[in-house]
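The block underneath contains the structure these notes are about, expressed in structure tokens.
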Amino acid sequence: MLDISEFKHVLAQTQVPLLSLYLNVDPAAAENQATPAAWSIFLKNTLKRIDTHLEPTQIKLWHDLRARVEEYFGFYKPESKGLALFYGATIEQTYPLAARVANQAAFGEPLVTPLLWLLDEYEPYVVVVVNHSKATLLTVSLGQIVSQEDLLLEMKTAEWHEKTFMPGGGYGMHASKRRDLFNNRVEAQHERFHKQVAQYAQALCEKQEAKRLVLGGDHEAAHAVFDLLPPQVRVGVIDIAALPHYQSSAEILHKVAARVSQHERQRETALVDELVNAAKGHGRAVLGQAAVEAAFEQGKVELLAAAWPGGAGVEKLALRALRAGAEIELVYGAAAERLAGYEGAAARLYYR
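Residue numbers (my numbering): 134 to 485.
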């Protein structure tokens, strides 16, 4: 699974100029039904365009890069929805993507925002659908279910020698106590099962580096699992939703994805509001590309917030943030509209 640390490592080892390619290679896309496919036409036209815009010092390298790229695509058969490709003097890095991307290309500095957007917008999350005897745990990454685990509670109640309550005398009292004991044992089994589900959910979040979690299923069971999660995992729960067990995994994903997207937009809006208010109050934030660039020069940037999609200035700042090890948050919708008044860029600064 592609992650940001791997991408940073690639950039750190890369010398410019670099060829960056993003292609929508989804065979199911309407524009790819013809022969040649739209992405293939875009690739051919891109290579021709770069041919006519080279600096003298780039010609030898470019001819080598072009030959290597054409060799790669000479044997290429699309098996994913998207493809990101980075070729340089000493690097050949390709990333099959489970989500579509717009056809884009650049030769020079790396084109990073399309991939950063995918990593941010479609970062992994875990869905837990649970009742008192069954749990389904889904891991979602790049908008697709990448793993599913099912847990079942097996209670051998026949071994507990349950006695049916019978009215009358002391035996009735005895049966009532047995009934209470039976119910207590069932409740204890449920509690142990919920604890097991919480532990599995925690392990899955750690394994997949998922910071977000959605719980659903039986209302009481889902809340019981929530209470049993450790604080560092519980803080990532974005919703306890109505997710019946009888729904298919695809139906659950469709319902949850909308809620996750809504939560992401709300979080982005809150972040931009925080930065704008801090900057206007002379706090640890700055607004606008020039101010953010100056903050980078001084080594003060902790987090870059940039509008998506952005222009060349935003692309430059995102690349600088990536190389500086700063956090990057690409925002969309209402948050991006508010940032548009500040050239699409804001930054949170370190304490000094």
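We put the beta carbon where it would ideally sit given N, CA and C, even for glycine.
Contact defined as beta carbons within less than 8 Å: I believe residue i pairs with residue j. What is the distance between those atoms, to the nearest angstrom?
i    : j    : result
L450 : E430 : The pair is not a contact, with the Cβ atoms about 12 Å apart (cut-off 8 Å).
A467 : R398 : 7 Å
V405 : R345 : Actually they do not touch by this definition, with Cβ atoms about 19 Å apart.
A418 : A411 : 4 Å
L248 : A268 : About 34 Å separates the two Cβ atoms, so there is no contact after all.
G215 : V143 : The pair is not a contact, with the Cβ atoms about 17 Å apart (cut-off 8 Å).
S382 : Q237 : The Cβ separation is near 32 Å, so there is no contact.
T246 : L408 : No, T246 and L408 are not in contact; Cβ-Cβ is about 19 Å, not under 8 Å.
L270 : Y228 : Not a contact, Cβ separation roughly 26 Å.
Going by C-alpha to C-alpha distance, which of the options sits closest to residue i?
i    : options                   : result
W195 : D184, E204 and Y205       : D184
W250 : I385, Q395, L286 and A232 : A232
H378 : N178, E476, A334 and D283 : D283
A423 : G477, E339 and K141       : G477
Q341 : V259, D197, Q191 and D159 : V259
G458 : E470, P442, V434 and E448 : V434
C338 : A321, E320 and V368       : V368
A428 : L386, F359 and A454       : A454
A200 : P189, E225, V262 and H186 : E225
G444 : A343, R456, Q148 and Y475 : Y475
E470 : A391, G416, P442 and I461 : P442
H323 : V358, H265 and P189       : H265
V366 : H387, Q335 and I385       : Q335
N380 : G432, L362, V262 and L452 : The sequence shown places Gln at residue 380, not Asn. Here the closest residue by C-alpha is V262.
T272 : E203, A171 and V389       : V389
F175 : Y333, F206, L198 and L452 : F206
P211 : N165, L270 and S138       : N165
A488 : R318, L156, T227 and H356 : It is not possible to answer for residue 488, since the shown part of the chain is limited to 134 through 485.
Q148 : A473, Y465, L472 and R456 : R456
S138 : Y465, L472 and I461       : I461
L420 : A162, Y465 and A473       : A473
Y465 : G446, Q395, G432 and L452 : Q395
L198 : P363, L180, G416 and E384 : L180
What would DSSP say about residue i, mapped onto helix, strand or coil?
i    : result
A427 : helix
N410 : helix
T190 : helix
E462 : strand
G302 : With a pLDDT of only 46 at G302, under 50, the local geometry of the prediction cannot be trusted, and no value is derived from it.
H264 : Residue identity differs from the one stated: residue 264 is Asn in this sequence, not His. N264: coil per DSSP, three-state reduction.
V158 : coil
S213 : coil
L314 : helix
V434 : strand
E339 : helix
Y258 : strand
Q277 : strand
T185 : coil
L472 : helix
E139 : helix
A454 : helix
E282 : strand
A445 : helix
Y483 : coil
T179 : helix
A163 : helix
A170 : coil
G477 : coil
T297 : Legend: pLDDT at T297 = 45, less than 50; position of this residue unreliable, value from coordinates given subsequently. T297 falls in the coil class under three-state DSSP.
Using only the heavy atoms of the ligand NAP, determine whether one of them is closer than 7 Å to the beta carbon of residue i.
i    : result
I183 : This structure does not include the ligand NAP; it has no bound ligands of any sort.
Starting from the N-terminal side, write out each stretch of the alpha helix (DSSP H) that is 4 residues or longer and does not extend beyond the region 217–254.
-> 246–254
Flag this pair as touching only if the region 235–255 and the region 267–281 have three or more C-beta atom pairs under 8 Å; answer yes or no.
-> yes
Are the region 148–155 and the region 221–240 in contact at 8 Å, needing three or more beta carbon pairs?
-> yes
Are there three or more Cβ pairs, one per stretch, closer than 8 Å when the region 367–376 is compared with the region 338–352?
-> yes
Does the pairing of the region 235–242 with the region 323–331 give three or more beta-carbon distances under 8 Å?
-> no
Is the number of C-beta pairs between the region 433–453 and the region 476–483 that are closer than 8 Å three or more?
-> yes
Uninterrupted beta strand (DSSP E) stretches inside the region 364–418 (no shorter than 3 residues) = 370–374
Unbroken alpha helix (DSSP H) runs of length 4 or more, entirely within the region 342–367: which are they?
-> 352–361 and 364–367
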